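13 is the number of the first residue of the sequence shown in our numbering; add one for each residue after it.
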Amino acid sequence: MPSAPQPRSLAPDLVIPTLPGLGDFSRYEPQAQTVYVVLRLGQRKVYVYQGQKVIASYPVAIGRPEFPTPTGEFKVFEMIVNPAWQSPWTGEIEPPGIDGSLGLRWIGFAEMSNGVIGFHGTPNVASIGRAASHGCVRMRNEDIVKMYELIKVGTLVRVEP
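Structure (structure tokens):
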């Protein structure tokens, strides 16, 4: 049976113990915390979390009672800078831009039988804080631009009543 390593002595009164190696040191490194989004319909606010910490929050407009924003857990599946909008009624395409119906950014997170639901900018800032849309979540253009930079495709979106 091999003998245990003996402590080394640098000075008569100083002993340095033999320590085990770290092995896989990555398990000792700080881990990146997951970013996710929580939309609280009753508050008309969206929160961006990193781990347990809120790193951003923004006021929003949500779906009208006859076109409610769906609740549940979803994942971001589409992100578009300067999105164009096509009217589901006329088929007419509205060009992208700050004054366009979708504003400066689009973040799609729910596919419904009547279309795709997402976060988007809006020129209609008077609607923020209200139930005013056909299910989508409207945000001020400056806010959607900031939120767009914090998340990515695959980010969890939890929509609560």
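All C-beta atoms in this analysis are idealised placements derived from N, C-alpha and C, irrespective of residue type, glycine included.
Owing to the predicted nature of the structure, the values given are computational and were not obtained by experimental measurement.
Between Gly141 and the set Pro71, Ile119 and Val60, the nearest pair of CA atoms involves Pro71.
Within the same chain, Arg152 come within 7 Å of Val137 by CB-CB distance, once the 5 residues on both sides are set aside. In the DSSP assignment, Lys57 falls within the beta strand (DSSP E) that extends over Lys57 to Gln62.
Glu106 and Pro100 have their alpha carbons spaced roughly 11 Å apart. Fully enclosed beta strand (DSSP E) runs of no fewer than 3 residues occupy 84-87, 90-93 and 117-124 of the segment 72-132, in order along the chain. Per the coordinates, the alpha-carbon of Gly63 lies some 37 Å from the alpha-carbon of Thr30.
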